[in-house]
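Asks: Handing you a structure now.
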Amino acid sequence: MFKIAKYVVYDILRSKVLIAYSLFLLLVSFSLFSMEENSSKSLISLMSVVMIIVPLVSIIFSTTYFYNAYQFIELLVAQPISRSSILLGEFIGVSLSLLTALFAGVGIPILIYSPDATGLVLMISGFALTLSFISLAFFSSVAMRDKAKGIGMSLMLWFYFSVIYDGLVLGILFSFNEYPLEKAVIALASFNPIDLGRIIILMKMDISALMGLTGAVYKQFFGSNFGIIYSLIIMLFWIILPLLFALHIFKKKNL
Amino acid sequence: MIRTEQLEKSFGKLHVLKGLDVEFNSGQVVSIIGHNGSGKTTLIKCILGMVVADKGKIFFNGKSISGDFRYREQIGYMPQIGHYPENMKIGQIFKMMKDLRKNVDNLDESLMEEYKLSELFEKPMHALSGGTTQKVSASLAFLFNPKVLILDEPTAGLDPLAAEILKAKIIEAKSRGKLVIITSHIMSEVEEMADTVMYLYEGKVNFYNSVAELKKQTGEEKVGKAIAKIMKQSAHV
Numbered sequence: 001m002f003k004i005a006k007y008v009v010y011d012i013l014r015s016k017v018l019i020a021y022s023l024f025l026l027l028v029s030f031s032l033f034s035m036e037e038n039s040s041k042s043l044i045s046l047m048s049v050v051m052i053i054v055p056l057v058s059i060i061f062s063t064t065y066f067y068n069a070y071q072f073i074e075l076l077v078a079q080p081i082s083r084s085s086i087l088l089g090e091f092i093g094v095s096l097s098l099l100t101a102l103f104a105g106v107g108i109p110i111l112i113y114s115p116d117a118t119g120l121v122l123m124i125s126g127f128a129l130t131l132s133f134i135s136l137a138f139f140s141s142v143a144m145r146d147k148a149k150g151i152g153m154s155l156m157l158w159f160y161f162s163v164i165y166d167g168l169v170l171g172i173l174f175s176f177n178e179y180p181l182e183k184a185v186i187a188l189a190s191f192n193p194i195d196l197g198r199i200i201i202l203m204k205m206d207i208s209a210l211m212g213l214t215g216a217v218y219k220q221f222f223g224s225n226f227g228i229i230y231s232l233i234i235m236l237f238w239i240i241l242p243l244l245f246a247l248h249i250f251k252k253k254n255l
Numbered sequence: 256m257i258r259t260e261q262l263e264k265s266f267g268k269l270h271v272l273k274g275l276d277v278e279f280n281s282g283q284v285v286s287i288i289g290h291n292g293s294g295k296t297t298l299i300k301c302i303l304g305m306v307v308a309d310k311g312k313i314f315f316n317g318k319s320i321s322g323d324f325r326y327r328e329q330i331g332y333m334p335q336i337g338h339y340p341e342n343m344k345i346g347q348i349f350k351m352m353k354d355l356r357k358n359v360d361n362l363d364e365s366l367m368e369e370y371k372l373s374e375l376f377e378k379p380m381h382a383l384s385g386g387t388t389q390k391v392s393a394s395l396a397f398l399f400n401p402k403v404l405i406l407d408e409p410t411a412g413l414d415p416l417a418a419e420i421l422k423a424k425i426i427e428a429k430s431r432g433k434l435v436i437i438t439s440h441i442m443s444e445v446e447e448m449a450d451t452v453m454y455l456y457e458g459k460v461n462f463y464n465s466v467a468e469l470k471k472q473t474g475e476e477k478v479g480k481a482i483a484k485i486m487k488q489s490a491h492v
């Protein structure tokens, strides 16, 4: 499993895509930090960027990588290696590469300009988002045989979680605003990893009211620290469950 | 050594294998023949665990292969068309395979040497011709000295010299008591190498017997003609 991960990392390092991703994030982070005097303001702007770019790059990069590694997987399947170690090896390899790129692009600037708890939380939530979108990418690539369909499904997932979902939640809130919706809102946020990631950071920054109803309700319901822990646990499910589904399909897949 | 029991496989509406019962034993060179789409490659891929059968079982040395992967340590597989990571070099592929498989103290690098692959170690896989890729596949199949060799159209795409080297290697493997399973459309090769012929017709075993028996039953001298006769018979039924 770790040997496979090693070859995946070698393979990814040879392509320039990841370096470009790192440099782009680095550029954004440094410019945001140098534009504002107040580092927590920059952190909020950085968060908005991270919440959009990180899931998108993670899911698209992992999906295309998986299809490009199809030949490698085909080669491995005929060897005395179990299918779970093949898939998990791929997952670990892709995860290590993307996490390193994220650390280089966002982690280092945070360590330089804002090495406090809030910065750390932003990093953690970025890492968790990366992992959960890689996991979703693996699910769609294993489920779809066709590359175009797989990438399409990944794009749809990203679009759903970052745009459509919030719209749906707003719609629900508007239509049922005569009812007590606090608990429903908490439940709804748990179904979207990007919302969870955002909540974790906003809770830490103590400006949850800025996020509107969801944030305020969260704050009231959990209190800051418990809210962060709750969100992280749900986030963990968002990493593990799609990967488990992918594993389940992959074990029976015809190659 | 390898036994299948009521093996069935469909791809969507296409029913490829329809209840296959076969047994392969060590020391045999079995040639699986059948027209295109008769399920040859599917059968091989089922044995390798690359395709999961819908129904039925496959036993390797008496143990069911479902959920197992260790049995593949004893199999060397040469695919019809080898797919390799494109940006790796030949040398890296060999190094990686040795790294990934554990039994590396008993290596058989003779094919690699005869094909002079070490001179090409720095070439990336995407720059290789089809024939060279096949040489890599063949060398990899024999590299770990497996007890079972599964070769899917081994000589297709190889130049005559390379094909002869491979054939000699297959005959040598047989003399060392290995089981070799070959699919081939080239009847002269079947004649040269195989001692047993299995004819798959529409997902079922139509004929499975020794070459001598095949010749006797059909009254033909040449394997090619004998098989053609059997193919015609089955098409009439």
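The listed protein sequences correspond, in order, to chains E and X.
Under this note's numbering, the letters of the first sequence match residues 1 to 255, in that order.
Under this note's numbering, the letters of the second sequence match residues 256 to 492, in that order.
Ideal Cβ positions, reconstructed from N, Cα and C, are used throughout, including at glycine.
Return the chain-ordered list of same chain residues with a C-beta closer than 8 Å to the C-beta of Glu-446/X, the five sequence neighbours on each side being excluded.
Replies: Taking the second sequence and counting its residues from 1, one reaches residue 446/X at position 191. So the qualifying residues of the chain are Val-466, Lys-477, Val-478, Gly-479.
Asks: Using the C-alpha atoms, what's the distance from Leu-157/E back to Lys-149/E?
Replies: Taking the first sequence and counting its residues from 1, the one referred to as residue 149/E is at position 149. Taking the first sequence and counting its residues from 1, the one referred to as residue 157/E is at position 157. For the pair Lys-149/E and Leu-157/E, the Cα-to-Cα distance works out to about 12 Å.
Asks: I need the DSSP call for Val-8/E, collapsed to helix, strand or coil.
Replies: Stepping through the first sequence from its first residue, residue 8/E is reached at position 8. In the displayed model, Val-8/E falls within a helix according to three-state DSSP.
Asks: Name the one or two DSSP bridge partners that Ser-265/X has.
Replies: Reading the second sequence from its first residue, position 10 is the one you call residue 265/X. His-270/X, per the DSSP bridge assignment.
Asks: When we look at the beta-carbon of Ser-84/E and count the other beta-carbons within 10 Å, is it buried (16 or more) or exposed?
Replies: On the first sequence, position 84 is the one that residue 84/E refers to. Exposed, because fewer than 16 other Cβ atoms sit within 10 Å of the Cβ of Ser-84/E.
Asks: Suppose the cutoff is 7 Å on Cβ atoms and the five residues either side in sequence are ignored; what does the same chain contact list for Phe-33/E look like?
Replies: Here residue 33/E is taken as the residue at index 33 of the first sequence, counted from 1. Once the five neighbours on either side are set aside, the close Cβ partners of Phe-33/E are Ser-39, Ser-42, Pro-109, Tyr-113.
Asks: Strictly by DSSP, which residues pair up with Thr-259/X?
Replies: Counted from its first residue, the second sequence places residue 259/X at position 4. DSSP, once it has assigned bridges, lists Ile-313/X as partnering Thr-259/X.
Asks: By the criterion of Cβ-Cβ separation under 8 Å, what are the contact partners of Met-351/X in chain E?
Replies: Reading the second sequence from its first residue, position 96 is the one you call residue 351/X. Those within 8 Å of Met-351/X in chain E are Tyr-7.
Asks: Could you work out which residues of chain E lie near Met-305/X, taking near to mean beta carbons separated by less than 9 Å?
Replies: Sequence index remark: in the second sequence, residue 305/X carries index 50 (1-based). Ordered by position in chain E, the residues that pass the 9 Å Cβ test against Met-305/X are Glu-74, Val-77, Ala-78, Asn-254, Leu-255.
Asks: Rounded to whole angstroms, what is the Cα-Cα separation between Ile-60/E and Ser-443/X?
Replies: Within the first sequence, numbered from 1, the residue matching residue 60/E stands at position 60. Within the second sequence, numbered from 1, the residue matching residue 443/X stands at position 188. The alpha-carbon atoms of Ile-60/E and Ser-443/X are separated by roughly 50 Å.
Asks: Looking at the secondary structure, which residues open and close the beta strand (DSSP E) in which Thr-451/X lies?
Replies: Indexing the second sequence from 1 puts residue 451/X at position 196. Element bounds for Thr-451/X: 451-456.
Asks: Quick one: does Leu-355/X have its CB under 8 Å from some CB of chain E?
Replies: Here the question's residue 355/X lines up with position 100 in the second sequence. Output row for Leu-355/X: interface = yes.
Asks: Contact defined as beta carbons within less than 8 Å: I believe Leu-434/X pairs with Gln-283/X. What is the distance between those atoms, to the nearest angstrom?
Replies: Counting from 1 along the second sequence, the entry for residue 434/X is found at position 179. Counting from 1 along the second sequence, the entry for residue 283/X is found at position 28. About 6 Å separates the two Cβ atoms, so the contact holds.
Asks: Please report the distance separating the alpha-carbon of Leu-13/E from that of Tyr-21/E.
Replies: Here residue 13/E corresponds to residue number 13 of the first sequence, with the count starting at 1. Here residue 21/E corresponds to residue number 21 of the first sequence, with the count starting at 1. Each residue's Cα considered, the two are about 12 Å apart.
Asks: By how many angstroms is the C-alpha of Ser-384/X removed from the C-alpha of Gly-346/X?
Replies: Position 91 of the second sequence, counting from 1, holds the residue named residue 346/X. Position 129 of the second sequence, counting from 1, holds the residue named residue 384/X. Whole-angstrom Cα-Cα distance: 16 Å.
Asks: Helix, strand or coil: how does DSSP classify Leu-406/X here?
Replies: Counted from its first residue, the second sequence places residue 406/X at position 151. Per DSSP, reduced to three states, the secondary structure at Leu-406/X is strand.
Asks: Let's test the definition: count the other Cβ atoms within 10 Å of the Cβ of Ala-423/X and tell me whether it reaches 16, buried, or not, exposed.
Replies: By one-based count along the second sequence, residue 423/X stands at place 168. The residue is exposed, with fewer than 16 neighbouring Cβ atoms inside 10 Å.
Asks: Whole angstroms are fine: how far does the CA of Ala-417/X sit from the CA of Tyr-370/X?
Replies: Locating residue 370/X in the second sequence gives position 115, counting from the first residue. Locating residue 417/X in the second sequence gives position 162, counting from the first residue. Between the alpha carbons of Tyr-370/X and Ala-417/X lies a distance of about 7 Å.
Asks: Taking the Cβ atom as the reference point for each residue, do Ile-405/X and Leu-303/X lie within a distance shorter than 8 Å?
Replies: Mapped onto the second sequence, residue 405/X falls at position 150. Mapped onto the second sequence, residue 303/X falls at position 48. In contact: Ile-405/X and Leu-303/X (Cβ atoms closer than 8 Å).
Asks: Taking three-plus beta-carbon pairs below 8 Å as touching, is the stretch 374-384 of chain X in contact with the stretch 303-315 of chain X?
Replies: no
Asks: For Pro-193/E versus Phe-161/E, is the C-beta spacing smaller than 8 Å?
Replies: Numbered from 1 along the first sequence, position 193 holds the residue referred to as residue 193/E. Numbered from 1 along the first sequence, position 161 holds the residue referred to as residue 161/E. Yes, Cβ-Cβ distance for Pro-193/E and Phe-161/E is below 8 Å.
Asks: DSSP three-state label for Gly-474/X, please.
Replies: For the purposes of this step, residue 474/X is taken as the residue at position 219 of the second sequence. Looking at Gly-474/X - three-state DSSP - the assignment turns out to be coil, as it is neither helix nor strand.
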